[in-house]
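So the sequence shown is residues 204 to 608, counted in the numbering used here. Beneath this line is the structure, given in structure tokens, with notes to follow.
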Amino acid sequence: MSLNTYTGTLRQFTDAHVLGPSLAIDWDAPEENLPTLVHEAVSALNASLPDSGLAASEREAVEHNLHLWHDDLRRAHLMSNPLSMKEVLTACASDQAVQQALVGRDPREQSLWMLAHRDKIFRDSELHIAFQAKTNGKYWKKHRIQRGLDPTQDRDKLEAFCHEVATLYKKVGGGDGTHIEVSRHSSGDSVQLTIYVEGPITALAHFSENHFKRITTRIALEAALVYQPSTGFIETVVKGGVRNHTAVLELFGRHVVGQQITPEEIEKTRYKLNVLRDGMLEPFEDWSQYGVEKVRLRRARFTPKGSTGISFKIEASPDKDQDDAIRLALDNLQIHHSFEAEYNMDGATVMVYTMNREDRRTAHFSFDLYSTGSSTIKNLSDHNQHIANAVLRALNVIENQEVGE
């Protein structure tokens, strides 16, 4: 990343930000000094507020803008990775202005530019990435309902849905305040509803204007729902157990799609990772049709049988010609009787090396698997998801009928 490109992006972000007009920055200063000058300008503005002579309302407005500045930089940092930017760029595939503006910028610069100039797309991608991080987790469930339903865009109906969800949290001290955001995924036809409910009163200790203070606040309780009309799959992230998941789905049918729905829960498929323990990743079927040259385990996590509280993680080099994690485990873990009898594999990072038949160039991608059924396969492109499932089927980690569930 060239300094010139970075400082240019920083100035575009600053000029576009609501705090920008309040900052005194000499943009003609040497480029290597500009990031420091921006930081010093923000710090100076914050320090000057108590003695600024501004009216209370004006000072509160600047304080709010300072909060937005720090929060937006945090958001941009969290999204400044290849996976997040891939989601953003997919959403902007037909926007030539974006494609041209992002040429030559690295993910950090792309994230700053997108937040400043395409904030709605940035936010939709941010919500999608946040939901993906929670899938297969403690509060996630997946169901199948009717296909082809049309979620409403009517704000009154969406607000009614949101308020009904809020009632589910009354028994744990939830309040009446609600907020709902509707976003569409850049790939596929999925619609995401992200719901925020006023949580119970919480006491916080913090510093304000260099003074230690205690305040009471109400942290938002978050729930989310993603529906894909073409398949009928609906995923929910809801706290409160099965009963709340069922209630949210019923409310979704009543308020959002205007009809009763009949959810059928889809159980998570467990991955049979123990079949990978011998280190010989030889396929049970030919995967060359997918352009796959080789598959290795970059990482492997083992749990000794009878000792579920202990696990071992082995990490190998990404070099496809080096020993993989299984080979390192066999060489380094002390085994009294047999590897298969003493250890269960409960996690793995699979690296897939593909060969482009036209230019004979090798590329690779990776994904994580856990024996409980969790994976990061859905974070891959559609093309690589297809290859990943084919590889797992060929290795007998999943059965044919399990693919795509």
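Even glycine gets a Cβ: it sits at the ideal position worked out from N, Cα and C.
- When rounded, the separation of the alpha-carbon atoms in Gly494 and Asn559 is 7 Å.
- Leu252 and Arg262 have their C-alpha atoms spaced approximately 7 Å apart.
- DSSP lists Arg499 and Ser569 as the bridge partner or partners of Met554.
- Note that the C-beta distance between Ala219 and Ala319 is below 8 Å.
- Beta-bridge annotation (DSSP): Lys345 is paired with Glu438.
- Here Pro466 is buried. Its C-beta has 16 or more other C-beta atoms within 10 Å.
- When the five nearest sequence neighbours on each side are left out, the beta carbons in the same chain lying within less than 8 Å of the beta carbon of Val459 are those of Pro354, Thr355, Lys360, Leu361, Phe364 and Leu396, in order along the chain.
- A direct Cα-Cα distance of roughly 47 Å separates Asp298 from Leu531.
- As DSSP reads the structure, Lys516 sits in a beta bridge with Arg504.
- Sixteen is the threshold: when 16 or more other Cβ atoms of the shown chains lie within 10 Å of the Cβ of Asn592, as they do, the residue is buried.
- Per DSSP, reduced to three states, the secondary structure at Ile398 is strand.
- An exposed status is given to His586, since fewer than 16 other beta-carbon atoms sit within 10 Å of its beta-carbon.
- The segment 416–426 makes contact with the segment 441–457; the number of CB pairs closer than 8 Å reaches 3 or more.
- For Met282, the secondary structure class from DSSP, reduced to helix, strand or coil, is coil.
- For Leu407, the closest of Val400, Phe415 and Ser520 by C-alpha to C-alpha distance is Phe415.
- Taken through DSSP and simplified to helix, strand or coil, Val385 comes out as strand.
- Each residue's CA atom was taken as its position, placing Thr338 and Lys344 some 8 Å apart.
- Runs of the beta strand (DSSP E) lying entirely within the segment 421–480, each at least 3 residues long, are 436–440 in chain order.
- Relative to the Cα of Glu243, the nearest Cα in the group Ser255, Gly256, Asp254 and Asp229 belongs to Asp229.
- DSSP lists His414 as the bridge partner or partners of Ser411.
- Of all alpha-carbon atoms in Asn249, His280, Leu286 and Asp522, the one lying nearest the alpha-carbon of Val498 is that of Asp522.
- Contact annotation: Lys471 and Gly550 have beta-carbon atoms that are not nearer than 8 Å.
- In the DSSP assignment, Leu240 falls within the alpha helix (DSSP H) that extends over Leu237 to Ser251.
- Selection His366, Glu384 and Thr405 evaluated against Arg457 yields His366 as nearest (Cα-Cα).
- When DSSP reads this structure, Asn599 sits in no beta bridge, so it has no partner.
- Boundaries for Asp357: no alpha helix (DSSP H) harbours it, and the DSSP string shows neither H nor E there.
- Residue environment analysis places Asp327 among the buried positions, since at least 16 neighbouring C-beta atoms fall within 10 angstroms of its C-beta.
- Per DSSP, reduced to three states, the secondary structure at Asn587 is helical.
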